[in-house]
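K.L.:
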Amino acid sequence: MVRRIAIVTGAGTGIGRACALGLLADGWTVVLVGRRVERLEQTAGLAPADQRDRAVPMAADITDPDAVAALFDTVAHRFGRLDLLFNNAADTMPYVPIEEVGVADWNRVMGSIATGTFLCSQAAFRLMKRQDPRGGRIINNGAPSSQVPRPDSIAFTAAKHAVAGMTRSLSLDGRRFDISCGQIDIGNVTPEDRPQPAVRQADGSLRVEPTMDVRHVVDTVRAMAALPLGVNIQSVLVMPSAMPYVGRG
C-alpha cells in the first residue's frame, strides 16, 4: 500500500487531535505539529497500538518562518513527500469591544491563524510541486466567522476572513500543479472538559448555543482527505442544526 503523509497543525488538543486520530485510523502517517511536544506525544499515545508508529510528533511554532521551514525540510527528508496539510492551529482571545483589543493580542491571533496558515501552505506548495508524483491537498480550518462575525470578535473574524481568501487563492494557484485546497468551517463543538459557555448574540444577549460531537468534524475532514486530487470540496460548513448562524447579525 502506498504510504500517505499528512501534517496536522494544532494536533495537541481538540479538533486537531481528533482529526489526527481519524486520519491515523484511515491509514495515514500523520505528523503531529504543535508548540508543546508533550501534548503531541499524548495525542500519539491515544492512537491504538498498531497505529502509533505512524503518529509522528514534531514540535514547531508555525508563526516562525524558520521553524516552519525546518519542519517541512524534516518531513521531506524523512518521508520524501507530503500528501495532506490540515491547517488547524489557532490562538483565540476573549470577546471584547474593538477599542479594548490590544495590539499584542491582535498580532498573536493573526499570527497563529493567518500567518501560520500562509507559512505552512507556502512550504507545502514548495514540496508538493517538486515531489514525484506531484500534487497534494490542503484543508484549511475556517469558521462560521469567516463568513458571518460574532459581536466583539474583530481579530478572530479578520484572521478567519484571511484564511477564506487564502483558501480561494491556494485553490486557484494550485490547479496546474495538482494541488487542491478546500476549507471546513466548524460550528460549536461540545467542549471536552467544561460546560459550553454562553456567548454574545447579535442583539447583545448572552446564550448557551447548541453543540455537536467532534466526530462529525472528524468524519468530514476524513471524507475531504480521501478524495482523489481531481475532486475537491471547496468549502463546507459543519454545524449543529439549531446553532444561530443563518441570519446571524
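Counting from 1, one number per residue, gives the positions in the sequence shown under the working numbering. The beta-carbon is built from N, C-alpha and C at its ideal position, and this holds for glycine as well.
Roughly how many whole angstroms lie between the Cα atoms of S169 and V30?
P.N.:
Approximately 25 Å between the Cα atoms of the pair.
K.L.:
If we count the other Cβ atoms within 10 Å of its Cβ and call it buried at 16 or more, is T190 buried or exposed?
P.N.:
Burial call: exposed.
K.L.:
Based on the DSSP secondary-structure assignment, which residues constitute the bridge partners of Q42?
P.N.:
For Q42, which the question treats as bridged, DSSP gives no partner whatsoever.
K.L.:
Any contact of the region 110-125 with the region 63-71, i.e. 3+ C-beta pairs under 8 Å?
P.N.:
A contact exists between the region 110-125 and the region 63-71.
K.L.:
Could you tell me the boundaries of the alpha helix (DSSP H) in which D219 lies?
P.N.:
Element bounds for D219: 215-226.
K.L.:
Taking the beta strand (DSSP E) that A59 belongs to, which residues open and close that run?
P.N.:
Residues 55-59.
K.L.:
Nearest to C181 by alpha carbon, out of M128, A44, V214?
P.N.:
Cα-wise, what sits closest to C181 is M128.
K.L.:
Give the straight-line distance between the Cα atoms of P197 and A11, rounded to the nearest whole angstrom.
P.N.:
Whole-angstrom Cα-Cα distance: 23 Å.
K.L.:
Within 8 Å, do at least three Cβ pairs link the region 101-108 to the region 39-47?
P.N.:
Judged by Cβ distances under 8 Å, the region 39-47 makes no contact with the region 101-108, as fewer than three pairs qualify.
K.L.:
Can Y95 and R194 be called in contact, C-beta distance under 8 Å?
P.N.:
Contact flag unset, no.
K.L.:
Measuring CA to CA, which of D213, D50, R54, A90 is closest to R35?
P.N.:
Considering only alpha carbons, the answer is A90.
K.L.:
For S180, which three-state DSSP category applies?
P.N.:
Strand, per DSSP.
K.L.:
Do C120 and V68 have their C-beta atoms closer together than 8 Å?
P.N.:
It is a contact, given that the beta carbons lie within the stated cut-off.
K.L.:
Would you call the region 123-138 in contact with the region 171-178, where contact means no fewer than 3 C-beta pairs closer than 8 Å?
P.N.:
Yes, the region 123-138 is in contact with the region 171-178.
K.L.:
Would you check if the region 12-28 and the region 211-219 touch, i.e. whether three or more CB-CB distances between them fall below 8 Å?
P.N.:
Verdict: yes, contact present.
K.L.:
For L119, name the three-state secondary structure that DSSP assigns.
P.N.:
Looking at L119 - three-state DSSP - the assignment turns out to be helix.
K.L.:
To the nearest angstrom, report how far apart L229 and L84 are at their CA atoms.
P.N.:
Each residue's Cα considered, the two are about 11 Å apart.
K.L.:
Using the Cβ count rule (16 or more neighbours within 10 Å means buried), how would you classify P97?
P.N.:
Exposed is the call here.
K.L.:
Grab the span of the beta strand (DSSP E) containing R137 for me, first residue to last.
P.N.:
Its beta strand (DSSP E) spans residues 136-141.
K.L.:
To the nearest angstrom, report how far apart V101 and S153 are at their CA atoms.
P.N.:
Answer to the nearest angstrom: the Cα atoms are 9 Å apart.
K.L.:
State the DSSP-derived secondary structure class of D73, mapped to helix, strand or coil.
P.N.:
Three-state DSSP puts D73 in a helix.
K.L.:
Sort V221, N188, T220 by Cα distance to V208 and report the nearest one.
P.N.:
Checking every option, the nearest Cα to that of V208 belongs to N188.
K.L.:
For my contact list, F86 and V221 are in at a C-beta cut-off of 8 Å; report their separation, rounded to the angstrom.
P.N.:
With 8 Å as the limit, F86 and V221 qualify as a contact, their Cβ atoms being about 7 Å apart.
K.L.:
Near R39, which residues of its chain fall below 7 Å by C-beta distance, leaving aside the five closest residues on each side in sequence?
P.N.:
For R39, where only same-chain residues beyond five positions count, the Cβ hits under 7 Å are G12, T13.
K.L.:
Taking the beta strand (DSSP E) that G34 falls in, what are its first and last residues?
P.N.:
Taken as a continuous stretch (DSSP letters only), the beta strand (DSSP E) holding G34 covers 29-34.
K.L.:
If we count the other Cβ atoms within 10 Å of its Cβ and call it buried at 16 or more, is D185 buried or exposed?
P.N.:
When all chains shown are included, D185 counts as buried.
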